[in-house]
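Per the numbering used here, the sequence shown starts with residue 4, numbered consecutively.
First the structure, in the form of structure tokens, and then the observations on it.
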Amino acid sequence: MAEKYKVIKRFREVKHDGHIYKVNDYYPVEGKRATKARIAQLLTTNNKENEVFIVEVGDEVANDQ
Numbered sequence: 004m005a006e007k008y009k010v011i012k013r014f015r016e017v018k019h020d021g022h023i024y025k026v027n028d029y030y031p032v033e034g035k036r037a038t039k040a041r042i043a044q045l046l047t048t049n050n051k052e053n054e055v056f057i058v059e060v061g062d063e064v065a066n067d068q
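Below is the structure:
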């Protein structure tokens, strides 16, 4: 099963045609993929905004989707 992440801060994903992710959305949106490097940027402050945007969610939460 693919790892799932939940958005904790709203952002526009330039890598997904400008898709806007809102708080509590799952990342990546259905039909899109994210690289490990991009996920690492969003999980940490190692990005242009110096903000954490997503957190990893457990399988039990991801299965409820």
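The C-beta atom is built at its ideal place from N, Cα and C for all residues, glycine as well.
| Item | Value |
| --- | --- |
| Checking contacts by CB at 7 Å: is Tyr24 closer than that to chain C? | No chain C is present in this structure, which holds just one protein chain. |
| Just verifying my parser: in three-state terms, what is the DSSP assignment at Arg15? | strand |
| Measuring CB to CB, does Val55 end up less than 7 Å from Lys9? | no |
| Buried or exposed for Ile57, going by 16 or more other Cβ atoms inside 10 Å? | buried |
| Taking Asp20 as the reference, give the member of Val26, Ile11, Gly34, Asp28 with the closest Cα. | Gly34 |
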